[in-house]
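Undergrad:
Number of protein chains: 2
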Amino acid sequence: MVNLMPAPPKSKRRAKNKARGSRNVYSFGPGGADGNRDMRNLLGGKGANLAEMSNLGLPVPPGFTITTEVCTWYYAHGEQYPATLRDEVREALGKIEAELGKRFGDAENPLLLSVRSGARVSMPGMMDTVLNLGLNDVTVEGLAKRSGNPRFAWDAYRRFVQMYGDVVLGIGPDPGEEFDPFTLALEKRKIRRRVENDTDLTADDLMELVRNFKAIVKKRTKKDFPDDPVEQLWGAVGAVFGSWNTRRAIAYRQMSNIPGDWGTAVNVMAMVFGNLGETSGTGVAFTRDPASGEKTFYGEYLMNAQGEDVVAGIRTPEKIASLQKRMPKAYRELLRIQKLLEKHYRDMQDLEFTIEDGRLFMLQCRAGKRTGFAAVRIAADMVRERLIDKKEALKRVDPEALNQLLQPVFAAADLKRARAAGYVLTKGLNAGPGAATGRIAFTAEQAEATAKAGEPVLLVRVETSPEDIKGMQAAQGILTARGGMTSHAALVARQMGKVCVAGAGDCAIDYKTRRMTVRGRTFREGDYLSLDGSTGEVIQGELKTEPSEVLAVLFGKGKRKRKPGPVFRAYQQMMKWADEYRTLGVRTNADQPDQCETAIAFGAEGIGLCRTEHMFFEKIDAMRRTILADDAKEREQALKELLPLQRKDFEGIFKVMGSRPVTIRTLDPPLHEFLPHEEKDQRALAKQMRIPLAKVKAKVESLTELNPMLGHRGCRLGITYPEITRMQARAIFEAACNVAKRTKKRPQPEIMIPLVGTADELRLQAAEVRTVAEEVFAKKKTRIPYLIGTMIELPRAALTADKIAEHADFFSFGTNDLTQTTFGISRDDAGKFIPVYVEDEIYPDDPFASLDTAGVGRLMKIASAEGRSTRSDIKLGICGEHGGDPRSVNFCHELGLEYVSCSPFRVPVARMAAAQAALKAQEG
Amino acid sequence: MVNLMPAPPKSKRRAKNKARGSRNVYSFGPGGADGNRDMRNLLGGKGANLAEMSNLGLPVPPGFTITTEVCTWYYAHGEQYPATLRDEVREALGKIEAELGKRFGDAENPLLLSVRSGARVSMPGMMDTVLNLGLNDVTVEGLAKRSGNPRFAWDAYRRFVQMYGDVVLGIGPDPGEEFDPFTLALEKRKIRRRVENDTDLTADDLMELVRNFKAIVKKRTKKDFPDDPVEQLWGAVGAVFGSWNTRRAIAYRQMSNIPGDWGTAVNVMAMVFGNLGETSGTGVAFTRDPASGEKTFYGEYLMNAQGEDVVAGIRTPEKIASLQKRMPKAYRELLRIQKLLEKHYRDMQDLEFTIEDGRLFMLQCRAGKRTGFAAVRIAADMVRERLIDKKEALKRVDPEALNQLLQPVFAAADLKRARAAGYVLTKGLNAGPGAATGRIAFTAEQAEATAKAGEPVLLVRVETSPEDIKGMQAAQGILTARGGMTSHAALVARQMGKVCVAGAGDCAIDYKTRRMTVRGRTFREGDYLSLDGSTGEVIQGELKTEPSEVLAVLFGKGKRKRKPGPVFRAYQQMMKWADEYRTLGVRTNADQPDQCETAIAFGAEGIGLCRTEHMFFEKIDAMRRTILADDAKEREQALKELLPLQRKDFEGIFKVMGSRPVTIRTLDPPLHEFLPHEEKDQRALAKQMRIPLAKVKAKVESLTELNPMLGHRGCRLGITYPEITRMQARAIFEAACNVAKRTKKRPQPEIMIPLVGTADELRLQAAEVRTVAEEVFAKKKTRIPYLIGTMIELPRAALTADKIAEHADFFSFGTNDLTQTTFGISRDDAGKFIPVYVEDEIYPDDPFASLDTAGVGRLMKIASAEGRSTRSDIKLGICGEHGGDPRSVNFCHELGLEYVSCSPFRVPVARMAAAQAALKAQEG
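In structure tokens form, the structure reads like this:
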């Protein structure tokens, strides 16, 4: 029994004199709460929802939340607590004691607590939890007496010491060991007692284990295990705050773009027990199917277990439906609550519950994570159900999630053949949809190494943990032997959009020998395996993949054509709504007619970047003759051969694009890229061209550059070899005229000069283009409307955009190169330090993936303002890869660009992101 | 005789309706002038000074000036003239006729005109001149009769047709010929007549030649030579304007940074004749010696000659002193006028005069071009003479001119030996001071090629012309066989600061065989030759060079120590005045104690950039061990060996620099630069280090980058290998503490982190440095004040300078890399297109030589403002090579930087430029 709240540990005492004006602790419980759902930033998601459920009168165990602001304050003040926190916690604890009639640390009727983290957004597996806090050699006896179940009490105590030792005291595996000493001691004990399951151990075994565990703690920390419940509590609070800044938490935040200064709240709640026997249990449920989005109550539970058992995947849980028979009353209550919560939150909910001796308690509710399929389908369905409106539906779907709808499935023939051959090894849980094939890797490190070597890889683990995140990212798919649909592997894989088969219990994985045996068949690291994340099948060997439902409806031909199903219909509905709201145009980066067709099917409204170098690579012989030419005359001769070929390319593109605008970039890459660099290839070229090998070598040598990225490329080629620009312009205009004559469409070429750094470069290149245009129009006796513009991809172009705009009908931000030059980083060479940079949070994001608004974005702002200052109607767009990144799209919307352009498969993502940006701007 | 002024040629008639509000034509002459010296921008330098001399009552032939604005208007309106120009010219011509009692085109007493260009600043040899305009088959007879000298009249006519044919009608050499057809016809005639000099030809010969010349014109232009004087006049005016935009004029403007839109004026003046016989002559003079600056009347003249003969160097002219005996009256008058003009203009003047039949006429005066020696000396002297004040003296000296004072002379021993051996081949005119040695090139192209191959080169020509400018730039020195101190070669060389020996008549140069014979000794292209531009000696073979007077006084030791002479005294005086006015600090870029000593002698106030990589190259073995280390531990071991070596380096620098600030940049270059790239060197390294060759190769391979400029370098090394930064910081602080203990000085290290792109990079590196500093201070029981700052050399650093400044005591603009990234140009690779760019005026200047204010400068402005916004006292400097470029220094002054830093030999230039910038700012 504790009468006085002692001071927090010494190191924190210095903070006493530092006051914090606002309230630090918010209570919740059956009688209502101090907070509510709108206080997510302050209380964290978990705390806000516990308060909300309390206010709704749902059965929530009493507890309190220490706010996220305390965490931020804690890190801003050298890891010390605000002065008033101690008293506030004491008061809140008093309320719980009063509510339950138990006392924290009481020898007779002890209150036990769970301490859990709770950030603004859910970070599964990232933050640590301590259960059964408050147990010691005295209170355990009280618990044993009160519960009439000494085995339960000692098991709780054993779990508490183990968890506290791990999470708070940081006791991990000894060097060279795979498991921590607690787990090893537990396993040893089971072996000694010749039992298989934890549940087979007796109260005496557990009592002995607690003694063992405490000895481990003493040995490793040189201190006794803390017996004082209050000291335990503050230790746990400190551990929650500490876990905010562990490497794994930081890694997760990076992946999920969560700012490091949000901080986490701490939720302290009275324990309820799902492991009190066969009338107790614990489970996780979703108000709709999180994989397909189907409207059906979906969940899993374990009898006689604590929550951690479900998530950890140690035992494979049962389907929620079976609970109806086992405990009809609790099931009915759960069904009522899940309906109420979905309606109340107007979103699919993920619930955690515990049944203690037949009585249901709600431990958590939150918006449920879902696959892309489910996200789109649920959003569309909820509009039909009038739960939400169109705008809300659009805001609900992470644009990236649309990617999943375009993920491959296995080729039907391959799958049939594999099935017939008996290659389907086993079936696990269909935890992450899609089809993946790759080489087996048994560790995250190996998965990364295999991916780095350019090989497809599947991460195969008994179960995954946050340490595996990088390996999961590197893998095409994830297979686990243990764990359910809500296991770590399943949750993270769905979020990443990775294929995942979880809980495939037939897979016997031996990390030491690096082998997996499935029903008698053995696989080694590096062997090929295939996973169907939609069916859960694990298949031997390499299978071909093919388009998803959306792709099959859009592009399927003949037998592969599919009729629209619920996913496609939902996709189409959402895209239609997105187009209603977005104001940004969406174009595509494409340079082949088939790419153009794909992009149009995905909703592209034009081409924002048609690179011409790919065409040159296809006509490499003529291109090489051009480069090897001795003078302008010989070069023009070689270019004459290229002209009809390039014209044909453009005709193909204009035919598909019709009257949509087509932005064509003149030749950009350095010329040496077109010449062979190996001697044998040079020899072959010399022979073919009937010129001396020495000449080829000399040319290659003379074109070699120390920094080709900053060398003789872009418009610098056009300036030094204007005949190349003229040939390209001729091909474009002749093609446009020809297509205009043959079809009813009116091609809209927009000619884009790359790598402009000064106005004069554009002026001179534009003059070449205009001259050719007039020649072609005169010859063809027709005119085609066309624009001339430039990429803004050098800082100097952005800084002098007023001058450049005098010669430009449009600017297109080439943010790939603009990022390279603004940061002074070559994408090709950044591999050596970018990982360290992202890990150390020097770069909040990879600037090549998401636009760096502070640097590159500022240049874009300058360029937009300067460009408009001399040409108010200048057309602005973006054609760097950022054009398909939702956050970058939002920035482009704010900047008032006319369009974004991205690769064909990113077009749906960009459309959705553009709609969200417009909605965000509407809301101000 | 001409009664009506006909319309200008048809193509220009369309401009008639286009009016120009202001006056287009300004008259001058004995009775005074419409303009004056302050109207240089409008009338050009020549026109303004002709007006001024007229106003001073000096004997100027009457004439008029068509303004520079007409030239600008002409190019802005498709090469047409303003509508009123015709009438204005007619009126001005009438005034000349009235003044002289002659009439333009009159058969009896014809007025002849010279038509000359005249831009705001003198552009020697760039613009074309037509003399004797107004001659035709009728007027030549009038001239013959009036002058009583038919030979003179026909020679004038011959010269006119030749000059008009060349300049106005553009008749150059036939393909394959070296000389134009007029020159060839003239030479043929002399051979036929078996005479050597032009003057030996008779009136009949000249009459015949005029017929030949007109036939040549007819053949080449398909038109008759224009007989109508007015048509001749408009043709010449058009040619003057046309010559403003010839390639050679544009090239000169680029070299001299003259804007293309200034335009040129046209000066039309009545002809006076220096070739009327032995009482006539023409000459050029300077009011002081343009080479040494000595106060002595200095000049050259030719009897019985026209001005072109002096400049062209066809005959070697006589010294001005001899005129006193020949024509004492004219000489006295000239002496009076030169004194008057120098006093009036308060500057050394360059005069052109003609004596017609004993009567002196002033044809031009202008500020005289001078060597750097002369510029410094004249400026200092004139202050003493109370002609100008200190400020004016400072403004008079082109900072670049100071460079010449630091140019080498030949090593005395070498010169003595060469003289003793009879290697002094001949003596020409000492036209450009300094000593140069190099391989002979007979053409500008060859000179450029030799320089490109890294060899020193001397351009050896009979005479030079504007076409040779690039070759002159490439050469260490220039030797001509013909021409005086005012020849093209001499003028241009002095301006460029090149060594030049002119008019070395013993040199017989044969372009066809590419040989030169000097008094029986023959030299081939590529042979070594040496030139002493101070004595005019031409010396066989390669001679060692040594320091100039200023250098010898400052640094000479033992026998090589010199006492201050007039040049050194003037230099010192000017530098003292510069320091009085400048507010910008001047530091140096140096990383060796001897460099530091040099820089301090030149007035450096600290080090702005001490690169540490050179030190690493000297300790390459330990550095290689560092790089080849397998892990951080092994690396730290290797770094331990480097520590004492690097500490010693810094001790040496701190000892020299005393209490002056020393900015030290941490390691910057990519690591692969320290490893050997040739297999045999790799093999040797492997052997030496006792590691497998494969390991060396693998390391080199792994460090190879596609774009090393944008790769793993700068602070990216320090972030990934913090142990390197720590070792460097330790070496710096230990050295500073040691020097502080041993001397009374207090070293001021300023540690500079390179290639920072985000605030966090600096924060992390600064933390490493601070930690080491505290460790060292504790160990050494002393504290050294120090700063930590960063280079601003990436656009992103400039754009986010507010955030970076939170961790920086100072910024130093690294404008070399900032220019590379802002333009997206690698300096190493720009060779292929930068020449085309500068030639086509796409880049007004090479941005690596002179700061690009629109792009790079704008980023500097942003960085300064942002940096000061979060840290108002942030110290700003520049350490790129622009720190020694006067125009860039001026920009840095405007930006309010604290200091510029440049190489030791540029320190005097920077001090002078900084003073001029301060004076310019004072004047607003």
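In order, the protein sequences belong to chains A and B.
Each residue of the first sequence is one higher than the one before, starting from 1 at the first, in the working numbering.
Each residue of the second sequence is one higher than the one before, starting from 1001 at the first, in the working numbering.
Yeah, the Cβ is synthetic: ideal placement off N, Cα and C, and Gly gets one too.
All values reported here derive from a predicted model rather than from experimental measurement.
Starting from the Cα of Gly358(A), find the closest Cα among Thr68(A), Ala374(A), Arg332(A), Arg366(A) and give me that residue.
TA: The residue with the shortest Cα to Cα distance from Gly358(A) is Arg332(A).
Undergrad: In whole angstroms, what is the alpha-carbon distance linking Gln922(A) and Thr870(A)?
TA: Each residue's alpha carbon lies about 29 angstroms from the other.
Undergrad: Tell me where the beta strand (DSSP E) around Ile788(A) begins and ends.
TA: Per DSSP, Ile788(A) belongs to the beta strand (DSSP E) from 787-792.
Undergrad: Starting from the C-beta of Ala915(A), find all residues in its chain whose C-beta is less than 6 angstroms away, skip the five residues before and the five after it, and write them out in chain order.
TA: Hits under 6 angstroms: Leu394, Ala578, Tyr581, Arg582.
Undergrad: If I measure Cβ to Cβ from Leu554(A) and keep anything under 6 angstroms in the same chain, skipping five residues before and after, which residues do I get?
TA: Excluding sequence neighbours, Leu554(A) sits near Ala601.
Undergrad: Name the DSSP bridge partner or partners of Asp1398(B)?
TA: Per DSSP, none; premise fails for Asp1398(B).
Undergrad: Report the CB separation of Gly293(A) from Tyr423(A) in whole angstroms; it is logged as a contact under 8 angstroms.
TA: Their Cβ separation, rounded to whole angstroms, is 30 angstroms, which puts Gly293(A) and Tyr423(A) out of contact at 8 angstroms.
Undergrad: Would you kindly report the start and end of the unbroken alpha helix (DSSP H) that includes Ile1191(B)?
TA: 1181-1192 is the span of the alpha helix (DSSP H), which, as asked, contains Ile1191(B).
Undergrad: Threshold first: 4 residues or longer. Then list the alpha helix (DSSP H) segments lying entirely within the stretch 841-917 of chain A, N to C.
TA: Counting only runs of 4 or more, we get 858-870, 886-894.
Undergrad: Going by DSSP in three states, Leu1764(B) sits in which element: helix, strand or coil?
TA: Note: Leu1764(B) maps to helix in three-state DSSP.
Undergrad: Could you work out which residues of chain A lie near Asp1968(B), taking near to mean beta carbons separated by less than 7 angstroms?
TA: Any answer about residue 1968(B) is impossible in this case: the structure gives chain B only from 1001 up to 1924.
Undergrad: I want to verify the contact list: residues of chain B whose CB lies under 8 angstroms from the CB of Val836(A), in sequence order.
TA: Going along chain B in sequence order, the residues near Val836(A) (Cβ under 8 angstroms) are Ile1719, Thr1720.
Undergrad: Taking only the alpha-carbon atoms, compute the straight-line gap between Leu1919(B) and Ala1570(B) and give it to the nearest angstrom.
TA: If I take the Cα positions, the gap works out to 20 angstroms.
Undergrad: Based on the DSSP secondary-structure assignment, which residues constitute the bridge partners of Met269(A)?
TA: Met269(A) pairs with Gly63(A), Ser114(A).
Undergrad: Just mark Val1836(B) as buried or exposed, buried being the case when its beta carbon has 16 or more other beta carbons within 10 Å.
TA: Answer is exposed; the Cβ neighbour count stays below 16.
Undergrad: May I ask which residues mark the beginning and end of the alpha helix (DSSP H) holding Ser243(A)?
TA: Counting along the chain, the alpha helix (DSSP H) containing Ser243(A) begins and ends at 229-243.
Undergrad: Going by DSSP, what residues sit across from Ile1378(B) in a beta bridge?
TA: Bridge partners of Ile1378(B): none, in fact.
Undergrad: Would you kindly report the start and end of the unbroken beta strand (DSSP E) that includes Tyr298(A)?
TA: Its beta strand (DSSP E) spans residues 298-303.
Undergrad: Thinking C-beta only, is Ala1092(B) closer than 7 angstroms to Val1025(B)?
TA: Yes, Cβ-Cβ distance for Val1025(B) and Ala1092(B) is below 7 angstroms.
Undergrad: Which term fits His1893(B), buried or exposed, when burial requires 16 or more other beta carbons within 10 angstroms of its beta carbon?
TA: The residue in question, His1893(B), is buried, as its Cβ has 16 or more Cβ neighbours within 10 Å.
Undergrad: Less than 7 angstroms between CB atoms is the rule here; does Phe833(A) satisfy it with respect to chain E?
TA: Reference to chain E is not applicable here, since the protein chains of this structure are A and B.
Undergrad: Below 7 angstroms on C-beta distance, what does Phe1823(B) contact in chain A?
TA: The answer, in chain order, is Gly757, Leu794, Arg796.
Undergrad: What whole-angstrom Cβ distance do Arg1635(B) and Glu1723(B) have, given they're in contact under 8 angstroms?
TA: The Cβ separation is near 6 angstroms, so the contact holds.
Undergrad: Among Leu1043(B), Gly1714(B), Ala1797(B), Gly1565(B), which residue has its Cα nearest to the Cα of Gly1263(B)?
TA: Looking at the Cα atoms, Leu1043(B) is the closest of the given residues.
Undergrad: Is Cys596(A) closer than 7 angstroms to Ile539(A) when the C-beta atoms are compared?
TA: The answer is no: Cβ separation not under 7 angstroms.
Undergrad: What residues of chain A sit near Gly1711(B), judged by a beta carbon separation below 7 angstroms?
TA: Under the 7 angstroms cutoff, chain A gives Ser826, Asp829.
Undergrad: Between which two residues does the beta strand (DSSP E) harbouring Asn430(A) extend?
TA: Its beta strand (DSSP E) spans residues 429-432.
Undergrad: Leaving out five residues before and five after Glu342(A) in sequence, what residues of the same chain have Cβ atoms less than 7 angstroms from its Cβ?
TA: Result list for Glu342(A): Thr287, Met348, Gln349, in chain order.
Undergrad: Is it buried or exposed, Pro1904(B), if we count other Cβ atoms within 10 angstroms and call 16 or more buried?
TA: Under this definition Pro1904(B) is a buried residue.
Undergrad: Mind checking who Asp510(A) pairs with in its DSSP beta bridge?
TA: BP columns for Asp510(A) point to Arg515(A).
Undergrad: Assign Gly134(A) to one of three DSSP states: helix, strand, or coil.
TA: Note: Gly134(A) maps to coil in three-state DSSP.
Undergrad: For Gly1057(B), is the beta carbon positioned less than 6 angstroms from some heavy atom of the ligand HEM?
TA: Among the components of this structure there are no ligands whatsoever, and the ligand HEM is therefore not found.
Undergrad: With DSSP as the reference, label Tyr1528(B) as helix, strand or coil.
TA: In the structure shown, Tyr1528(B) sits in a strand (DSSP, three-state: E or B).
Undergrad: Considering only residues of the same chain and omitting the five flanking positions on each side of Leu1675(B), which have a CB-CB separation below 6 angstroms?
TA: Closer than 6 angstroms at Cβ, skipping near neighbours: Val1700.
Undergrad: To which residues of the same chain is Pro564(A) closer than 6 angstroms at the C-beta, ignoring the five residues directly before and after it?
TA: Only Val553 meet the Cβ criterion.
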